Amino acid sequence: SVLLMSFFLGKSVIVTGSSNGIGRGTAVLFAKRGAKVTITGRNAVALKETKLLCRDAGAADADILDVLGDITDDTFCAKLVAATVNEFGKLDVLVNNAGGAGDYSKFDKPIEEIPLTDLDKMLDLNLKQVLRISQRAVPHLEKTKGAIVNLTSIGAQLRLSGMPFYSAAHSALDQITVQLAGSLIKKGIRVNSVSPGPVLTNFAIAAGASEAISAKMFADMAKSSPNPQAKAGTPEDIAKVILFLADRSQSEIIVGHILTADGGVSLKNPLFPDV
2 SVLLMSFFLG
12 KSVIVTGSSN
22 GIGRGTAVLF
32 AKRGAKVTIT
42 GRNAVALKET
52 KLLCRDAGAA
62 DADILDVLGD
72 ITDDTFCAKL
82 VAATVNEFGK
92 LDVLVNNAGG
102 AGDYSKFDKP
112 IEEIPLTDLD
122 KMLDLNLKQV
132 LRISQRAVPH
142 LEKTKGAIVN
152 LTSIGAQLRL
162 SGMPFYSAAH
172 SALDQITVQL
182 AGSLIKKGIR
192 VNSVSPGPVL
202 TNFAIAAGAS
212 EAISAKMFAD
222 MAKSSPNPQA
232 KAGTPEDIAK
242 VILFLADRSQ
252 SEIIVGHILT
262 ADGGVSLKNP
272 LFPDV
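Position in the sequence shown counted from 1, then plus 1, gives you our numbering.
Okay, here's the thing in structure tokens:
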């Protein structure tokens, strides 16, 4: 509707990790709401598919900028922000969605057996890249009184068996979100975060799991009692939450908040699991 489109119409948005999953769903929803969107990722074929989906959602070719590259590279982060501002003239919203779970083959290893080089990789992929691009984006977001929305995980607060460093990186990201929010609100920039639970994406496949194992993981989630809705969320579910936090007309009063969107997974009481 016109009402839904009004805030984002003509706004300039970067969505990192937008070649699939939550990032793709978010880019497509921004495009549907009339934004000019920069999409980015490391897979050229998948990024092209996202661009086509944005066009199908109503975006003009000129309003979708695809930039292929690795978000853990500081030079690329600078290029990404510069290319966006050069193409669209400004930057209104930064969605730090890119990240990953690491090597699936190590998911069954206890923390004491996982090399610390894996921790370095998780911090680089899930934490440092958020700071790299956010620092580059701040001067432009200050001009537009824009917003940053980070993507964390309920794994930041819960024990995810097999992914200790992924969880640790997101715990740190939660604190970085709070620190950025406290500092950048002085420049008129709002910073918040979305913390999804299980979402139907290729998350496990990207970490090296087979399609069969990935399908079983989601089937098990759906059957498990901790999830009152008995289903995983979709990228579109999370995208709606991201756009809410990015929309100053709807969420101006929300600053430095980590909004959990997990279908009730974290409601489980370990003492009374069936209650």
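No residue lacks a Cβ here, since even glycine has one placed at the ideal position from N, Cα and C. These numbers come from a predicted model, not from an experiment.
Bridge partners - residue i, DSSP secondary structure assignment
| i | result |
| --- | --- |
| P197 | A262 |
| R191 | A148 |
| G234 | V200 |
| T39 | I15, L66 |
For residue j and residue i, the rounded distance between their alpha carbons
| i | j | result |
| --- | --- | --- |
| G183 | L54 | 36 Å |
| D93 | R56 | 20 Å |
| N127 | G59 | 31 Å |
| S226 | A63 | Reliability fails at S226, whose pLDDT of 46 lies under 50, so the model's placement of it is uncertain and the value that follows must be treated cautiously. Cα-Cα distance, rounded: 47 Å. |
| E253 | D263 | 23 Å |
| L120 | P197 | 21 Å |
6 Å CB neighbourhood of residue i in its chain, flanking five on each side removed
| i | result |
| --- | --- |
| D75 | R133 |
| I72 | T17, A99, Q130 |
| D67 | I40, L48, K52 |
| R137 | C78, A79, V82 |
| E237 | G26 |
Of the residues the options, the one placed nearest residue i, counting alpha carbons only
| i | options | result |
| --- | --- | --- |
| K144 | N127, G90, V256 | G90 |
| S168 | T153, T85, R25 | T153 |
| I23 | L246, L185, V96, G70 | V96 |
| D175 | D125, G42, A61, H258 | H258 |
| G101 | I149, V192, V29, S19 | S19 |
| N21 | A240, A173, L260 | A240 |
Residue i Cβ short of 6 Å to the ligand NAD heavy atom set
| i | result |
| --- | --- |
| G42 | Absent from the structure shown: the ligand NAD. Ligands present: none. |
Residue-level contact to chain C via CB, residue i, 7 Å cutoff
| i | result |
| --- | --- |
| L174 | Of the protein chains in the structure, only one exists, and it is not chain C. |
Give the list of continuous alpha helix (DSSP H) stretches no shorter than 4 residues that lie fully inside the stretch 79-117.
none
Pick out the complete beta strand (DSSP E) segments inside the stretch 138-164, 3 residues or longer, and give them in chain order.
148-152
Residue ranges of each beta strand (DSSP E) run of no fewer than 3 residues wholly in the stretch 46-83, ordered along the chain?
65-69
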